[in-house]
Amino acid sequence: MFLAIDTVFDQCSVAIVSQDLQVISDHTETGKRDQTQQILPMIDSALQQAGIKLADITALIFNRGPGPFSGIRINTAVIQALSVAHNIPCVGVSSLAAIAQAAFDKQGVQQVYAALDARMKQVYFGEYQLAQMQGTPDVQVMTQVEGSEERLVDYDQSTDKALPIAGNGATLLHAVEDQPLFAEIIPDAVSLAKLGIAQYLVSGGVSADQALPVYLRNNAWKTLKEQGKA
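Quick note: the sequence shown uses UniProt numbering, first residue 1, plus one each step.
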């Protein structure tokens, strides 16, 4: 059993998923208000619904970012605390990969750009395609296109190819004619779980001190005073 949580996409989302990707428990509360108060009770509720304890969890899967910094911090802190307290490995999943996975699950797209509004006239951006999940021949998940990288791009920038663009940054880029846009795509903990399980089967998990966030924007995690802007 794998426990996945997300507080990055302005929501609290928790899921318990088996290794063969059967969803045992799944619940999402939209809105970012009171995430710190919501997430732990939601985890307890998911465990009760699944009829298991944290000791039965194989790995903890979390959204490592990029994305809103407060959401990433909550997500990471909760996972690190649970990992230390119960000696469970962690698996960090990219928020952009989660968008791509949700685009496949909901729209059936097999190659896609993921775009997440990063504010400051930029979007977080990456390219993903469908690949077979190791050890599970009949299951496929979205993976980063070889040779590509997750990065920041400016608003109104065009893409190299006319692939679909998913995520709330889709309409902030300059789409070419007939380029599909899925701005309404918002992944949940189930999307994270699928990717995290696939990653765990390939490389295992990491300890709490290695379960680190990814921001992409240098120094953005610092206070304005620390950045020299205050």
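Just so it is clear, CB atoms sit at the ideal spot from N, CA and C, and this is done for glycine as well.
- Residue environment for residue 95: buried (at least 16 other C-beta atoms within 10 angstroms of its C-beta).
- CA-to-CA, the gap between residue 215 and residue 18 works out to about 29 Å.
- Excluding five sequence positions before and after residue 102, the CB atoms of its chain that fall closer than 6 Å to its own CB belong to 185, 187, 191, given in chain order.
- The alpha-carbon separation between residue 113 and residue 56 amounts to approximately 36 Å.
- DSSP places residue 38 inside the alpha helix (DSSP H), whose first and last residues are 35-50.
- Take residue 193, set aside five residues on each side of it, and the residues of its chain with a beta-carbon closer than 6 Å to its own are 2, 4, 15, 17, 61, in chain order.
- Secondary structure of residue 67 (DSSP, three-state): coil.
- Residue state for residue 114 is assigned as strand, using DSSP reduced to three classes.
- Minimum Cα-Cα distance from residue 82 among the listed residues 54, 104, 180, 71 corresponds to 54.
- Going by DSSP, residue 6 is part of the beta strand (DSSP E) stretching over 2-6.
- Taking one beta carbon from each stretch, the segment 32-43 and the segment 71-79 have 3 or more pairs nearer than 8 Å; the two touch.
- Between residue 115 and residue 88, the alpha-carbon positions lie close to 31 Å from each other.
- Distance from the CA of residue 178 to the CA of residue 165, rounded to the nearest whole angstrom, comes to 11 Å.
- Collapsing the DSSP output to three states places residue 215 in coil.
- Counting every other CB atom within 10 Å of its CB across the protein chains shown gives residue 210 a total below 16, marking it as exposed.
- Rounded to the nearest whole angstrom, the CA to CA distance from residue 46 to residue 11 is 16 Å.
- For residue 9 and residue 118, the gap between their C-alpha atoms comes out near 12 Å.
- Contact annotation: residue 64 and residue 152 have beta-carbon atoms that are not nearer than 8 Å.
- In the same chain as residue 142, and ignoring 5 residues on each side of it, the C-beta atoms closer than 8 Å to its own belong to 97, 100, 101, 103, 104, 112, 128, 129, 130, 131, 195, in chain order.
- Residue environment for residue 48: exposed (fewer than 16 other C-beta atoms within 10 angstroms of its C-beta).
- Per DSSP, residue 122 is one residue of the beta strand (DSSP E) stretching across 122-132.
- For the pair residue 34 and residue 189, the CB atoms are not nearer than the 8 Å cut-off.
- With respect to the C-alpha of residue 67, the residue from 206, 150, 144, 202 having the closest C-alpha is 150.
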